[in-house]
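The opening residue of the sequence shown carries number 44 in our numbering; numbering runs sequentially from there.
Backbone N, C-alpha and C fix where the C-beta goes; we use that ideal spot for every residue, glycine too.
The structure appears below as structure tokens.
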Amino acid sequence: MPSKGVKCFVYIAVDGVEIEFTVPEQSVKRSDQHQFTTDHLEIESSNLPHFKFTGRFELIVRRDGRELTRQWVDVNTMTGKLEDGTMLTMDQTPSIFAEDLIIVYGFYDAGPGLAQLPKQHQCYVTVTRNYENWMRDIIPPGSETSNRPFHNMVLPSAHDIGMNSMATSLQLLKNAGTGIIKEVLGRSLPNAFDIINQVGDKAINRIAPDIIRALALTQKDTLDTILQIGARYFEFRPAKCHRQMQRVSPLEDVLYFQHGAIPGMPYKTLLTHVVQFLSDHGDEIIVVHNRWDGVPDDCPRPSSSELLDVLNDVLRDKDIQVGNEDDMMHTSIRDLRNERKRLIFLQDTSQISNYDDVANATLTGDSMVGKLSSMCADPPKGHPITLLQCQATATNIRDVIIASVLEADCSEYGQLLFGEYAASAWQT
């Protein structure tokens, strides 16, 4: 009988919390503390009324019996597609603040399994405390712990923080011609140029937002939420928009985060929210690291004075001083707080990372774990920053790009690209 599976992932770090997943005739509850758990549910048409093929998947989060949230999707067991619900798109799943907790969750709408992508839907839920003051809580001001060097700290980070919204990209695409869109998308996404170049002009204008959403959007929450979840280290790639795009763009010609040549959050927006957060949370310390990895030459980079002008404008009338790499490496947490140097700014600072174009181009994560294990066996030395990255860059896998474009459901090019995908799969 037709069915569609859902894999469910849970992490709970708060007493009294229970997470329940349900489908027709089946459910699972989790309350394990500080463990990552995985379960599998199957929406079976045999468990539905006659001549009905749509079943509901629900997740419910409770605390001491009180329901904090309930999210759901209706899944067609014949096609596997979502028909209705509160988690139809990533935009519909912002983190939820409930009491003193943060519920972070998401739902992956799986296709038929092209390019070895998952064919089961996936849902994840984590429940933790609100960590907006975690530095204050674990390193209280004046405590012995605060005398320790700041450089010994492990700082949570959000990968490509500037790509948490489609707002800038949609504005940029408004007046852009097909040729420019193909050039920017193709050059911004590894292995994508020859694929995107095969898409018809009429189709590319329609699906460009979907391609960006599928292949370049890396965060789904606002910066303020991500700060409250606990992130304290942000890499940013500030540059102006691709010159060809900017000529016809309604966007202000200022600095934006650049994912290749795809623009995201304005640089000033990042600084404004970070500085306001620090003003409201007097014991937290944040590191901002400006780098330009992968930013094309057609996206003009700022001078040091331009970057400083933006920062000084944001800091006006704020009781916050800016620290540098020397402060990060040689100053205690207590002294940084006392000197009000709670915003550390770095630029192209030497760092060692586990990231590898081959190892991170994975759909399972096994190669990434292997890379991390090898780093543990021989810990790197001599770099101010050790960056441990856990994001899989499946966009480096050519067949994944083709499958993502196919998912846009554009009949004008689907047959052409499906033939391309089939040929590629046959060759491998």
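- Mind the definition here: the region 293 to 300 touches the region 270 to 282 only if three or more C-beta pairs lie below 8 angstroms; say whether that holds. yes
- Task: Please report the Cβ distance between L406 and A446, rounded to the nearest whole angstrom; I am assuming they are in contact, meaning their Cβ atoms lie under 8 angstroms.
- Result: Actually they are not in contact, since the Cβ atoms of L406 and A446 sit about 11 angstroms apart, beyond 8 angstroms.
- Query: Just the Cα atoms here: how many angstroms apart are T374 and M418?
  - Reply: 27 angstroms
- If you draw a straight line from the alpha carbon of E126 to that of V116, how long is it in whole angstroms? 7 angstroms
- Compute the beta-carbon to beta-carbon distance between A437 and A404, rounded to the nearest angstrom, for a pair I have assumed lies under 8 angstroms. 7 angstroms
- Cβ neighbours of L379 in the same chain (closer than 7 angstroms, five flanking residues each side left out): F193, I328, G366, D370, R385
- If you scan the region 146 to 191 from start to end, which runs of the alpha helix (DSSP H) of 4 or more residues do you find wholly inside it? 177 to 181
- Check whether P306 and L314 have beta carbons under 9 angstroms apart: no
- Decide yes or no for the touch test of the region 339 to 353 against the region 149 to 160: beta carbon pairs closer than 8 angstroms, at least 3 of them. no
- Item | Rounded separation between C51 and R106 - CA only | 19 angstroms
- Message: Taking the alpha helix (DSSP H) that T312 belongs to, which residues open and close that run?
- Response: 310 to 323
- Message: Buried or exposed for C433, going by 16 or more other Cβ atoms inside 10 Å?
- Response: exposed
- Message: Could you check whether the region 185 to 204 touches the region 68 to 84, counting it as contact only if at least three pairs of C-beta atoms, one from each stretch, sit closer than 8 angstroms?
- Response: no
- Query: What is the DSSP secondary structure of F96, reduced to helix, strand or coil?
  - Reply: coil
- CB-CB length for F211 against N248, believed under 8 angstroms: What sits at residue 211 in the sequence shown is Thr, not Phe. So it is not a contact: roughly 18 angstroms between Cβ atoms.
- On the three-state DSSP scale, how would you describe S467? With a pLDDT of 31 at S467, under the threshold of 50, the modelled position of this residue cannot be trusted; read the value that follows with caution. Helix, per DSSP.
- Message: Please tell me whether I62 has its Cβ less than 9 angstroms away from any Cβ of chain D.
- Response: Absent from the structure: chain D. Only one protein chain is present.
- Return the Cβ separation of T129 and Y148 in integer angstroms, given the expectation that the two are a contact with Cβ distance under 8 angstroms. Between Y148 and T129 the Cβ distance is about 10 angstroms, and since that is not below 8 angstroms, they are no contact.
- Message: Quick check on DSSP: helix, strand or coil for R359?
- Response: coil
- Can you tell me which of the three DSSP states I204 falls into? coil
- Task: Could you spell out the range, first to last residue, of the beta strand (DSSP E) harbouring D86?
- Result: According to the sequence provided, residue 86 is Ile. The question's Asp does not apply to it. Where I86 is concerned, the enclosing beta strand (DSSP E) stretches over 79 to 87.
- Stretch pair the region 247 to 262 + the region 172 to 187: three plus CB contacts closer than 8 angstroms: no
- Item | Beta-ladder partner(s) of P345, from DSSP | Paired residues: none, contrary to the question.
- Euclidean distance between Cα positions of I525 and D356: Residue coverage of the chain in this structure runs from 44 to 471, which leaves residue 525 outside it and unanswerable.
- Determine the DSSP secondary structure at T211, reduced to helix, strand or coil. helix
- Give the DSSP-derived three-state secondary structure of V365 in the structure shown. strand
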